[in-house]
Structure formats: C-alpha cells, structure tokens
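Enquirer: For the protein sequence lines, the chains are A and B, in the order given. Sequence positions in the first sequence follow full-length UniProt numbering and run 1 to 361. Sequence positions in the second sequence follow full-length UniProt numbering and run 1 to 361. Backbone N, C-alpha and C define an ideal beta-carbon position, used for all residues, glycine too. What follows is a structure written as structure tokens; I'll ask about it next.
Protein chains: 2
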Amino acid sequence: MTDTATLPAGALPQGATIGILGGGQLGRMLSVAASRLGFKTCIFEPAGDCPASHVANYHFKAAYDDADALLNFARSVDVVSYEFENIPTAALDLIQDHSTIRPGRAALSTSQDRLTEKNFLSGLGLRTAPYADITDLASLTKALETFGTPAILKTRRFGYDGKGQVRINDISEAAAALEAVQGAPCVLEGFVPFSCEISVIAARSPSGEVVCYDPGENVHSDGILRTTTVPSTVPAPQRMDAVLMAAKILNALEYVGVMGLELFVTPTGLVVNEIAPRVHNSGHWTQNGCTTCQFEQHIRAIAGWPLGDGTRHSDVRMENLIGDDMDRLPALLGSNAAVHLYGKADVKTGRKMGHVNFITP
Amino acid sequence: MTDTATLPAGALPQGATIGILGGGQLGRMLSVAASRLGFKTCIFEPAGDCPASHVANYHFKAAYDDADALLNFARSVDVVSYEFENIPTAALDLIQDHSTIRPGRAALSTSQDRLTEKNFLSGLGLRTAPYADITDLASLTKALETFGTPAILKTRRFGYDGKGQVRINDISEAAAALEAVQGAPCVLEGFVPFSCEISVIAARSPSGEVVCYDPGENVHSDGILRTTTVPSTVPAPQRMDAVLMAAKILNALEYVGVMGLELFVTPTGLVVNEIAPRVHNSGHWTQNGCTTCQFEQHIRAIAGWPLGDGTRHSDVRMENLIGDDMDRLPALLGSNAAVHLYGKADVKTGRKMGHVNFITP
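Written as structure tokens, this is what we have:
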C-alpha cells in the first residue's frame with residue numbers, strides 16, 4: 001500500500017463516535033482501543049460507575065427498555081456495537097432505524113439462541129455436539145435415550161459463564177433438571193469426549209477481509225474461563241482447520257467485527273462449542289502478544305477501517321483474576337507480567353476483576 | 001516475590017483517583033494506563049474536549065488561576081501529577097496543602113528554569129552545554145565572545161518544542177536576538193558538536209527503586225521530535241553511562257515518577273541537553289516495545305505500586321504524526337505498524353496528531 005492510499009468507502013472519519021451497548025470490562029477495553037484510533041465512545045449501560053464509563057466520553061445510564069434513551073443514544077453515535085449478545089430484540093429494533101449495528105442482526109439472532117446457532121452451524125456443514133430441542137419431559141427423555149449420559153441441558157437463551165446449564169448424569173435426573181431451568185426453552189447437548197478446548201478470535205471487515213489470530217487453548221473451571229495459552233498444544237494443520245471454520249462462519253453471517261469461536265478438539269476432529277458475536281475473554285492475550293489486539297481489531301472492523309496486523313509476536317499465557325485472585329495482585333505487579341484491571345470497586349466470588357498476560361518473546 | 005506479598009506501605013488502593021494537570025495527549029495516554037491498573041482519573045485542563053478528557057472519569061474545565069477549582073480538584077484526587085512542567089507556581093502552592101504532588105516540587109522548580117536546571121546538573125558533576133545567565137546586551141555579548149558562534153539564546157522559562165529559542169550565528173545578531181525574546185530572562189547556550197541525541201526514559205518509586213528503558217535515538221526537525229529509534233546506534237557502554245546519569249538525577253531530586261532525559265552524544269562523551277519531569281514523546285516506543293510502557297510505569301510510581309518490567313522485547317522506530325502527516329493514515333493502517341491517535345479534531349501545521357510504532361520482534 002502506498003502513502004497515497006485512502007480509507008475504504010464508508011469508513012468512519014477521524015473523531016467519529018462509537019456506541020457500545022454494555023459497560024463491563026469488554027466495553028472498557030473497547031473504549032480504550034477506540035481512543036487509541038482517535039474515536040470517541042458512548043456507552044449505554046443501566047449501571048452507574050460501570051467499568052466502561054471510566055474511559056468513555058459519554059455514558060447513557062438507562063435501562064434497555066428506555067425507548068427515549070435508546071433513540072438518543074442511537075442518534076448521537078456513528079455506529080453501534082455491543083459487548084454482550086443478550087441484548088433485548090426490542091432495543092435493537094429501536095436502534096437500527098437510526099444507526100448501523102455491527103456485528104449485524106443475523107449474528108445476534110443466531111448466537112442468542114442455542115438451537116438457532118446449532119442449526120446454523122450444522123447447515124454450514126460444521127460439527128457440533130449432538131443436540132435436541134427440548135420442550136418437555138418427553139422430548140428430554142427421548143433425547144437422553146438417544147445421546148446417553150452425561151449430557152447437558154442448556155437454556156436456549158441468556159446463558160453465559162456456565163449459567164443456565166444443568167449437567168444430567170443419569171436419565172432419572174431428567175425431571176429435576178427441567179425444574180432447575182424453570183420451564184425455559186432448552187436444548188440438550190450430548191457429551192463430546194474432547195481432549196481440550198481452543199478458541200479462534202477472528203475479524204471480518206465490511207468489504208469481506210478476514211483476519212484470524214492464532215487459536216488459543218482454554219482451561220475452564222466452574223464454567224468460567226481460567227487461562228488461555230498461545231501457542232496451543234494442537235498441531236498446526238488442526239489450527240488451520242479452526243481458522244478456516246471461523247472464516248466460513250464470518251462469511252456466512254456477512255459478519256462485521258470480531259467474533260470468538262470455541263472449539264472442542266476431539267480424536268475425530270474439531271467440534272464447535274459456541275460462537276460469541278463480540279470480543280472474547282479468550283482473546284485478551286492479544287493485548288500483549290500482537291501489534292493489533294482484538295479490541296482494536298473490532299473497532300477497526302466496525303469503523304470500516306483496514307484490519308490490523310494480528311500476527312503473534314510472543315508466546316502468552318492469559319490468566320483471569322477472579323474474586324480472591326486479587327490477593328495475588330502485589331506479587332503479580334512485582335513480576336514481569338502485564339496486569340489488566342477492570343476498575344470494579346468490590347471483589348466478589350466468581351467476579352472477573354482483571355486478567356494477567358504472562359509473556360515470553 | 002511470593003503470592004503472599006503486599007503492596008508497599010503508602011501505596012494507593014485499587015480504585016483510587018489519579019489527578020493529572022494538563023489534558024493533552026500525554027494526559028490521555030496516562031489516563032488509559034491508569035485505567036489498565038484499575039484507577040480512576042481526573043483531568044484539570046482549561047480547554048474543553050481535550051484529548052485526555054475523552055478517556056478520563058472527570059474533567060475540571062477551569063483556568064490554572066481558578067483557586068476554587070484547584071482546591072476542589074486537589075481534594076477529589078488521591079495524588080496529583082502533570083503532563084507538562086510549566087505549571088504556575090501559585091497553582092502548585094494551592095494544591096500541595098491538599099494532595100501529594102508527584103513528581104515533587106524540587107523536580108518542577110529545577111526543570112521549569114533552564115538556569116536552575118543547568119546549575120543543578122553541573123552541581124551533580126554532569127556535563128551540559130556551556131551556558132551563561134543573560135540579563136542584558138552586555139552579558140550576552142560577553143558570553144558570545146567566550147563561547148563563540150553559533151550559540152542559542154533560550155528563555156529561562158516556558159520553552160518547549162523549539163519555542164522560546166533564537167539561534168545566533170554571528171555576534172552582530174545579539175541585539176536582535178534579545179529583542180526576539182522580548183526581554184525575558186535567558187540563558188545563552190554554546191554550541192555542542194554532537195553526533196546524535198539520545199534520551200533515557202527512567203522511573204523512580206517512592207522507596208527509591210529505579211527502572212530505566214533502553215535509551216532511544218532521536219531525530220528532530222524544526223525543533224520538534226520526528227522519530228525515536230531503539231536500539232540506538234550508540235555503543236552499549238555509553239548507553240549504560242546514560243542510564244547511570246538518569247539514575248543520579250532521579251536520586252538527587254528524590255524523584256517519584258517517570259522522567260525524560262535528553263543527551264547529546266559527542267566525541268568526548270555525553271552532554272545533558274535537558275530534563276523533562278514527566279512522560280516524554282521519545283518514550284512512546286515503549287507502548288509496543290515493552291511489557292510495561294512509560295505511561296503505566298509513571299502511574300505505578302506515583303501510586304506507590306511496584307515498578308513494572310521495562311525490558312525491551314522488540315526493536316521499535318517511533319514516528320510522530322505531525323500536521324499533514326495524517327494524510328498517511330490510511331497507508332499506515334494498512335501496514336503492520338501500531339497507530340496511536342490523540343483524538344484532536346483539527347489537523348494544524350506543526351500539531352502533534354498521533355504517532356506510529358514500527359515494530360520488529
């Protein structure tokens with residue numbers, strides 16, 4: 001590219017305002033990345049003193065069903081993105097008449113519902129865990145007979161960090177499991193014997209350019225991500241498969257922005273766990289492992305700017321700081337690790353307070 | 001250090017508020033670094049819509065002689081720092097009764113006045129350009145006769161980016177030079193035949209711990225920094241000398257925070273050009289060359305937190321984007337460089353709009 005290059009058609013100008021639904025740590029780090037590119041940011045988040053508001057130009061402190069606030073928000077920004085996928089459909093309906101939503105509605109409606117998501121993935125020819133639509137005890141019993149146990153009953157909507165999930169170890173637990181999800185529409189997922197989980201953080205621009213980061217290897221406990229390590233232990237050809245699967249999904253959704261794709265590594269190949277239409281906890285390592293991190297990549301994509309260089313220059317192990325992990329802060333500050341804190345006032349059990357990137361050049 | 005370590009005595013707690021005098025790009029990048037460590041930030045800056053206000057929690061938009069605003073600012077923050085050294089003494093007098101100022105008054109009063117600074121450096125046994133206190137044409141003529149020409153007449157106070165300086169090529173220009181500085185107290189600096197300029201970015205904690213970054217090599221034009229390159233072409237023993245000089249200055253001033261030290265490399269050794277009691281343009285490369293950048297290092301120091309790892313993991317060439325350099329933005333975004341923009345609305349000749357770090361791992 002020469003010095004006479006121009007920004008792509010439709011690119012946001014310098015100083016435009018990026019709107020973000022959600023004011024948690026992902027919104028916070030998106031705001032910081034947007035500022036690095038000279039953009040202003042506007043957060044929509046019901047909670048006051050939220051992590052993203054500390055580093056944003058504006059904060060609409062209003063509920064997601066406050067139509068006036070949503071309209072004002074949509075009118076005062078140049079593009080709308082989000083840090084979580086469970087945004088009420090009515091809110092999106094209001095916003096879309098006044099601003100561009102990126103990633104678009106297709107990505108959101110697909111990932112908001114586990115059944116829709118699995119049907120979509122299967123339709124692309126990608127493997128998922130065996131799954132079944134569960135509407136009552138009869139359908140659950142039938143699915144358990146087919147898949148065997150253990151299996152996991154998951155609410156179709158509003159699940160995150162292991163919430164909205166019940167593990168079923170024996171078919172006799174079926175009724176109790178249904179009770180635990182309080183009649184919410186569900187899918188049953190059969191057990192996938194996997195050796196590890198990896199995730200691909202991938203970005204797509206409005207013109208269809210795709211950039212993927214090196215897949216990281218994830219370790220969870222209690223349903224919450226604990227560590228992501230790059231490079232993963234997965235052989236190079238399988239890492240390449242993972243990247244191609246991510247690209248296939250991005251293109252099918254005409255996606256704009258960064259997506260997180262979680263994959264199980266099994267003896268017979270890769271199985272999709274789930275997709276997240278946003279920056280992802282398992283991509284935090286990119287902040288210290290790449291020139292362009294996932295947050296800046298997302299901002300570049302939704303602004304219609306050229307995607308950045310996602311080449312990994314260092315080996316990284318990302319570790320989440322959850323609840324009492326904060327007691328380790330003084331020791332971590334004295335190490336050669338990169339510490340990232342979210343500005344949350346109270347330490348609570350299970351609460352993500354920050355993360356650390358341990359780097360080996 | 002073990003996992004049972006605690007923060008040093010006097011360290012600011014999680015969520016404390018950092019006050020910063022000045023709302024330009026240095027304040028902006030300090031705010032972002034503070035947020036990464038979970039701190040809130042409060043900017044004091046007379047101009048509205050200033051770069052730092054975009055990423056800060058609070059913005060006192062008031063003049064530096066607004067005593068009420070200064071007192072409110074000082075009372076609402078846990079420590080006060082600054083992004084420029086020419087803060088009116090009266091403002092500091094008001095603030096210091098209500099908050100800790102870091103770096104302290106000694107660093108400020110020394111660096112605010114070129115004559116005081118040069119006397120201080122000479123007193124430490126460090127070499128400076130030959131200099132003389134200039135009060136009138138007689139003292140100027142005498143100094144020019146001693147140093148020869150070319151020489152540079154500099155106002156003792158309020159100089160930056162080449163402002164407040166007049167080059168004197170012949171003794172006959174003495175009267176015109178004095179007229180150009182409009183009777184401001186001045187020093188005359190004799191010519192130093194240097195092969196290049198390097199700068200050391202160094203940090204000191206309240207307990208006296210010192211961390212220095214690898215000295216970078218600077219290229220100026222029209223009195224404004226254009227590029228900084230690490231590693232420099234200067235041999236390792238001289239780089240070590242530079243680091244030791246920085247440490248000597250930090251300790252003598254009982255300095256807390258990050259300092260920039262500019263040095264001329266001459267055939268007979270290193271000569272101090274000037275010191276800046278703050279993060280420095282020539283340290284921007286650390287954002288993409290080190291785990292802990294100069295901005296985070298400054299925040300760690302003034303918060304009384306352990307200093308971070310300043311080891312350089314990559315080779316970097318930092319290039320300022322000044323005025324029309326912004327025309328290169330599309331091409332730069334398409335390269336593998338790291339782009340940092342300051343959110344300034346208008347492109348003006350000579351205005352620092354951003355910078356770019358070109359990285360080789």
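Could you list which residues in chain B have their beta carbon closer than 8 Å to that of F306 of chain A, in chain order?
Expert: Counted from its first residue, the first sequence places residue 306 of chain A at position 306. A small fix is needed here, since residue 306 of chain A is Pro in this sequence, not Phe. Under the 8 Å cutoff, chain B gives P330, L333 and G334.
Enquirer: At the 8 Å Cβ level, is K163 of chain B part of the contact set with chain A, yes or no?
Expert: Taking the second sequence and counting its residues from 1, one reaches residue 163 of chain B at position 163. No, because no Cβ of chain A sits closer than 8 Å to the Cβ of K163 of chain B.
Enquirer: Compare the beta carbon distance of S35 of chain B and H54 of chain A with 8 Å and say whether it is the shorter of the two.
Expert: Counted from its first residue, the second sequence places residue 35 of chain B at position 35. Counted from its first residue, the first sequence places residue 54 of chain A at position 54. It is a contact, given that the beta carbons lie within the stated cut-off.
Enquirer: Can you give me the C-alpha to C-alpha distance between T17 of chain B and S76 of chain B, rounded to a whole angstrom?
Expert: Sequence index remark: in the second sequence, residue 17 of chain B carries index 17 (1-based). Sequence index remark: in the second sequence, residue 76 of chain B carries index 76 (1-based). Each residue's Cα considered, the two are about 8 Å apart.
Enquirer: Mind checking D346 of chain A: buried by the 16 CB within 10 Å criterion, or exposed?
Expert: For this step, residue 346 of chain A is matched to residue 346 along the first sequence. Looking at its Cβ environment, which holds fewer than 16 other Cβ atoms inside 10 Å, D346 of chain A is exposed.
Enquirer: Measuring alpha carbon to alpha carbon, tell me which residue in A:G48, A:S111, A:A91 and A:T89 is nearest R278 of chain A.
Expert: Residue mapping note: residue 278 of chain A aligns to position 278 of the first sequence, counting from 1. It is A:S111.
Enquirer: Looking at the secondary structure, which residues open and close the beta strand (DSSP E) in which M259 of chain B lies?
Expert: Walking along the second sequence from the start, residue 259 of chain B turns up at place 259. Run containing M259 of chain B: G257 to T266, per the beta strand (DSSP E) assignment.
Enquirer: Select from B:R317, B:T292 and B:V339 the residue whose C-alpha is nearest the C-alpha of V356 of chain A.
Expert: Within the first sequence, residue 356 of chain A is the residue found at index 356, counting from 1. V356 of chain A has its Cα closest to that of B:T292, out of B:R317, B:T292 and B:V339.
Enquirer: With a cut-off of 8 Å, do at least 3 Cβ pairs link the stretch 299-311 of chain A to the stretch 197-206 of chain A?
Expert: Short answer: they touch.
Enquirer: Our contact map puts A236 of chain A next to C212 of chain A with C-beta atoms below 8 Å; I'd like the distance itself, whole angstroms only.
Expert: Stepping through the first sequence from its first residue, residue 236 of chain A is reached at position 236. Stepping through the first sequence from its first residue, residue 212 of chain A is reached at position 212. Their Cβ separation, rounded to whole angstroms, is 14 Å, which puts A236 of chain A and C212 of chain A out of contact at 8 Å.
Enquirer: Are L124 of chain B and I198 of chain B touching if we call contact CB-CB under 8 Å?
Expert: Reading the second sequence from its first residue, position 124 is the one you call residue 124 of chain B. Reading the second sequence from its first residue, position 198 is the one you call residue 198 of chain B. Cβ atoms of L124 of chain B and I198 of chain B: not closer than 8 Å.
Enquirer: Counting only runs of 3+ residues fully inside the stretch 116-183 of chain B, write out the beta strand (DSSP E) ranges in chain order.
Expert: Listed in chain order, they are 131-134, 151-155 and 165-168.
Enquirer: Whole angstroms is fine: what's the gap from D97 of chain B's alpha carbon to S122 of chain B's?
Expert: Counting from 1 along the second sequence, the entry for residue 97 of chain B is found at position 97. Counting from 1 along the second sequence, the entry for residue 122 of chain B is found at position 122. Near 32 Å, if we compare the C-alpha coordinates of S122 of chain B and D97 of chain B.
Enquirer: Any beta-carbon of chain B closer than 8 Å to the one on V356 of chain A?
Expert: The residue you call residue 356 of chain A lines up with position 356 of the first sequence. By this cut-off, V356 of chain A is not an interface position.
Enquirer: Does the distance from the C-beta atom of R156 of chain B to that of V187 of chain B stay below 8 Å?
Expert: Within the second sequence, the letter at position 156 stands for residue 156 of chain B. Within the second sequence, the letter at position 187 stands for residue 187 of chain B. It is a contact, given that the beta carbons lie within the stated cut-off.
Enquirer: Compute the Euclidean distance between the alpha carbons of M1 of chain A and L333 of chain B, then round it to the nearest angstrom.
Expert: Position 1 of the first sequence, counting from 1, holds the residue named residue 1 of chain A. Position 333 of the second sequence, counting from 1, holds the residue named residue 333 of chain B. Legend: pLDDT at M1 of chain A = 42, less than 50; position of this residue unreliable, value from coordinates given subsequently. Approximately 10 Å between the Cα atoms of the pair.
Enquirer: Taking Cβ-Cβ distances shorter than 8 Å, what residues in chain B pair up with N288 of chain A?
Expert: Numbered from 1 along the first sequence, position 288 holds the residue referred to as residue 288 of chain A. Going along chain B in sequence order, the residues near N288 of chain A (Cβ under 8 Å) are T291.
Enquirer: CA-CA distance, G10 of chain A and H313 of chain B?
Expert: As a first step, residue 10 of chain A is located in the first sequence; it is residue number 10 there, counting from the start. As a first step, residue 313 of chain B is located in the second sequence; it is residue number 313 there, counting from the start. Roughly 37 Å between the two C-alpha positions.
Enquirer: Quick one: using the 10 Å Cβ neighbour count with 16 as the cut-off for buried, is A33 of chain B buried or exposed?
Expert: To locate residue 33 of chain B, count along the second sequence from 1; it is residue 33. The residue in question, A33 of chain B, is buried, as its Cβ has 16 or more Cβ neighbours within 10 Å.
Enquirer: Going by alpha carbons, who is nearest to L250 of chain B out of B:A276, B:M318, B:K40 and B:N57?
Expert: Here residue 250 of chain B refers to the residue found at position 250 when the second sequence is read from its first residue. Considering only alpha carbons, the answer is B:A276.
Enquirer: Measuring only between beta-carbons, confirm whether K61 of chain A sits less than 8 Å from chain B.
Expert: Translated into the one-based positions of the first sequence, residue 61 of chain A becomes position 61. Cβ-Cβ to chain B under 8 Å: no for K61 of chain A.
Enquirer: Where G164 of chain B and K154 of chain B are concerned, what is the direct C-alpha to C-alpha distance, given to the nearest angstrom?
Expert: Along the second sequence, read from residue 1 onward, the residue named residue 164 of chain B stands at position 164. Along the second sequence, read from residue 1 onward, the residue named residue 154 of chain B stands at position 154. Taking the straight line joining both Cα atoms gives about 6 Å.
Enquirer: Consult DSSP for I18 of chain A and reduce its assignment to one of helix, strand or coil.
Expert: Along the first sequence, one-based indexing puts residue 18 of chain A at 18. Of the three classes helix, strand and coil, the one that applies to I18 of chain A here is strand, per DSSP.
Enquirer: Where do the N-terminal and C-terminal ends of the beta strand (DSSP E) with M353 of chain A fall, by residue?
Expert: For the purposes of this step, residue 353 of chain A is identified with residue 353 of the first sequence, where counting begins at 1. M353 of chain A -> beta strand (DSSP E) spans K352 to T360.
Enquirer: What residues from chain B crowd round S314 of chain A, counting only those whose CB sits closer than 8 Å?
Expert: Here residue 314 of chain A corresponds to residue number 314 of the first sequence, with the count starting at 1. The contacting residues are H313 and P361.
Enquirer: Can V230 of chain A and V316 of chain A be called in contact, C-beta distance under 8 Å?
Expert: By 1-based counting over the first sequence, the position of residue 230 of chain A is 230. By 1-based counting over the first sequence, the position of residue 316 of chain A is 316. Result yes, Cβ atoms of V230 of chain A and V316 of chain A sit closer than 8 Å.
Enquirer: Output needed for V243 of chain B: all residues of its chain with C-beta closer than 8 Å, excluding positions within five of it in sequence on either side, in chain order.
Expert: Here the question's residue 243 of chain B lines up with position 243 in the second sequence. Within the same chain, V243 of chain B has close Cβ partners V200, A202, C212 and P215.
Enquirer: T258 of chain A CB to nearest chain B CB: under 8 Å?
Expert: In the first sequence, the residue the question calls residue 258 of chain A occupies position 258. Note on residue identity: the sequence assigns Val, not Thr, to residue 258 of chain A. No - not a single Cβ of chain B is within 8 Å of the one on V258 of chain A.
Enquirer: So what does S195 of chain B bridge to, in DSSP terms?
Expert: On the second sequence, position 195 is the one that residue 195 of chain B refers to. Answer is none; S195 of chain B lacks a bridge partner.
Enquirer: Counting only the same chain and skipping the five closest in sequence on each side, list residues whose C-beta sits under 6 Å from that of Y64 of chain B.
Expert: For the purposes of this step, residue 64 of chain B is taken as the residue at position 64 of the second sequence. The residues are P88 and A91.
Enquirer: Would you mind reading off the limits of the beta strand (DSSP E) that contains I43 of chain B?
Expert: Locating residue 43 of chain B in the second sequence gives position 43, where the first residue counts as 1. Here the beta strand (DSSP E) through I43 of chain B covers K40 to F44.
Enquirer: Hey, A52 of chain A and I20 of chain A: beta-carbon distance below 8 Å or not?
Expert: One-based indexing of the first sequence puts residue 52 of chain A at position 52. One-based indexing of the first sequence puts residue 20 of chain A at position 20. In contact: A52 of chain A and I20 of chain A (Cβ atoms closer than 8 Å).
Enquirer: Can you tell me where the beta strand (DSSP E) with D315 of chain B in it begins and where it stops?
Expert: For this step, residue 315 of chain B is matched to residue 315 along the second sequence. Unbroken beta strand (DSSP E) run through D315 of chain B: D315 to I322.
Enquirer: Would you mind stating whether E85 of chain B and L108 of chain B have Cβ atoms separated by less than 8 Å?
Expert: For the purposes of this step, residue 85 of chain B is identified with residue 85 of the second sequence, where counting begins at 1. For the purposes of this step, residue 108 of chain B is identified with residue 108 of the second sequence, where counting begins at 1. Yes, these two residues count as a Cβ contact at 8 Å.
Enquirer: Hey, S139 of chain B and A129 of chain B: beta-carbon distance below 8 Å or not?
Expert: Looking up residue 139 of chain B in the second sequence gives position 139. Looking up residue 129 of chain B in the second sequence gives position 129. No. Outside cutoff.
Enquirer: Restricting to Cα atoms, I'd like to know which of B:L329, B:L321, B:G304 and B:F358 is closest to V80 of chain B.
Expert: Taking the second sequence and counting its residues from 1, the one referred to as residue 80 of chain B is at position 80. Closest option to V80 of chain B, Cα to Cα, is B:G304.
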